[in-house]
Amino acid sequence: MRVSIILLLAFMTPSISFGDTQLDFIIQDKGGKSKLSYLIQDNKIRIQEEKSRKVNVFDSKTQVYTSFDPDTGKQYQITDALITQKVERLNKDRHLRIQQAEQKLQQKISKLDPQQQEMTESLINQLKYPDLYGQQTQLEVHPTTTHKTVMDVACQVYNLKRFDNLIKTYCMADPKALGLSQPEYTSLRNFFRFNYSTQTRLLLARGDSGFEMIDYDEKNMPGVPIEIIDNKPDKPVTIQLLQGISHKKIHAKTFLQTGDK
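The following block contains the structure:
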């Protein structure tokens, strides 16, 4: 990690006044391009998706994610306790299926040569213990000395690789270069961590370890990702790109968790 480079770039970036912050991104996924915004005020973040009317609010202090659908009037919350319950049920179901499959395969496995037995047992271990042996354990992040600018904001490039294959590149910006106060930056990083933990725990509990999501804290990647490029075999695709920064005062009602006016 080259913290000195990030700090140097932050001083080279024009100063931005602190206040409430709105970060706008262009997201590219299977559904095409759309806008995603983070409206940040101290410990609360509203995640606003262009293609959805839902009110999504993350409270960094309570670690609770609330989503309200104005079309149906329904509201639900995601908490660590609820995810833990769901993970336990999924793990129990998965282990039961694996146990049943193992019993059927046992005679066949015993007839394989040692190399085939080792390969088969390795695959079974991936299914049994995806958090320890799954494909996601093969992901590695490599910091580079390369830096660039996105929307006149300096950022440092990190490469995500699986073995020698380049999977994605992330350009991480210093929070000061985005005009984020320390509480706002902490809230945003807490949301990234919460989002990663929620999604990956559920995927692993289902036995799916082929994802390419990463934990910025665990991979020692300070800052905010303002550009993410997916290095597809045919050609690279920018799947997240900073589009705008605003520091206008955000009304407290924006963060109401029921969508009430």
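Basically my numbering = 1-based index in the sequence shown + 4. Cβ atoms here follow ideal geometry from the backbone N, Cα and C, with glycine treated the same way.
**Message:** If we require 3 or more residues per run, which beta strand (DSSP E) segments fall completely within the region 229 to 260?
**Reply:** 241 to 250
**Asked** Where do the N-terminal and C-terminal ends of the alpha helix (DSSP H) with LEU116 fall, by residue?
**Response** Where LEU116 is concerned, there is no enclosing alpha helix (DSSP H), given that its DSSP letter is neither H nor E.
**Prompt:** Nearest to ASP28 by CA position, among VAL59, PHE72, CYS175, GLU53, is which residue?
**Reply:** GLU53
**Message:** By the three-class DSSP mapping on this structure, what secondary structure does MET176 have?
**Reply:** strand
**Request:** May I have a chain-ordered list of the alpha helix (DSSP H) segments no shorter than 4 residues that lie completely inside the region 168 to 230?
**Result:** 186 to 210
**Prompt:** Among residues of its own chain, excluding the 5 on either side of SER191, which ones have a beta-carbon nearer than 8 angstroms to its beta-carbon?
**Reply:** Around SER191: ILE44, ASP46, ASN47, LYS48, ILE49, PHE62, SER64.
**Prompt:** Is the Cβ-Cβ distance between SER41 and VAL59 less than 9 angstroms?
**Reply:** no
**Message:** I need the DSSP call for ASP24, collapsed to helix, strand or coil.
**Reply:** In the three-state DSSP reduction, ASP24 falls in the coil class, being neither helix nor strand.
**DSSP state of THR88 mapped onto helix, strand, coil** = Looking at THR88 - three-state DSSP - the assignment turns out to be helix.
**Prompt:** So, MET217 versus TYR200, is the Cβ gap smaller than 9 angstroms?
**Reply:** With contacts defined as CB atoms closer than 9 angstroms, MET217 and TYR200 qualify as a contacting pair.
**Request:** Quick one: grab the DSSP three-state call for PRO134.
**Result:** helix
**Prompt:** Quick one: what does DSSP say ASN60 is sitting in, helix, strand or coil?
**Reply:** strand
**Request:** Whole angstroms is fine: what's the gap from GLU122's alpha carbon to PHE198's?
**Result:** 36 angstroms
**Item:** When GLN247, LEU164, PRO229, HIS99 are compared against LYS37, the one with the closest alpha-carbon
**Value:** GLN247
**Asked** What residue does the beta strand (DSSP E) around GLY36 start on, and which one ends it?
**Response** 36 to 45
**Request:** Please list, in chain order, all residues of the same chain as LYS55 whose beta carbon is under 6 angstroms from its beta carbon, the five residues on each side excluded.
**Result:** Same-chain partners within the cutoff: SER38.
**Message:** Would THR153 pass as an interface residue toward chain C - the criterion being a Cβ-Cβ separation below 9 angstroms?
**Reply:** Within the model displayed, chain C is absent; a lone protein chain is all it includes.
**CB-CB length for SER213 against GLN103, believed under 8 angstroms** = The C-beta distance from SER213 to GLN103 rounds to 19 angstroms, too long to meet the 8 angstroms contact threshold.
**Prompt:** Is it right to say GLY35 is buried, meaning 16 or more other beta carbons lie within 10 angstroms of its own, or is it exposed?
**Reply:** exposed
**Message:** If distances are taken between C-alpha atoms only, which option among ILE232, PRO74, ALA209 comes closest to LYS152?
**Reply:** ILE232
**Prompt:** How far does the beta strand (DSSP E) with GLN4 in it reach, from first residue to last?
**Reply:** Residue 4 falls outside the range modelled here, since the chain spans only 5 to 265, and no answer is possible.
**Asked** For the candidate residues PHE195, ILE171, VAL157, whose alpha-carbon lies nearest to that of ASP266?
**Response** A query on residue 266 cannot be resolved here, the shown segment of the chain reaching from 5 to 265 and no further.
**Message:** Output needed for MET155: all residues of its chain with C-beta closer than 8 angstroms, excluding positions within five of it in sequence on either side, in chain order.
**Reply:** Counting only Cβ-Cβ distances below 8 angstroms, and skipping sequence neighbours, we find ILE230, LEU246, GLN247, GLY248, ILE249.
**Extent of the continuous beta strand (DSSP E) run through LYS152** = Note, LYS152: beta strand (DSSP E), 143 to 154.
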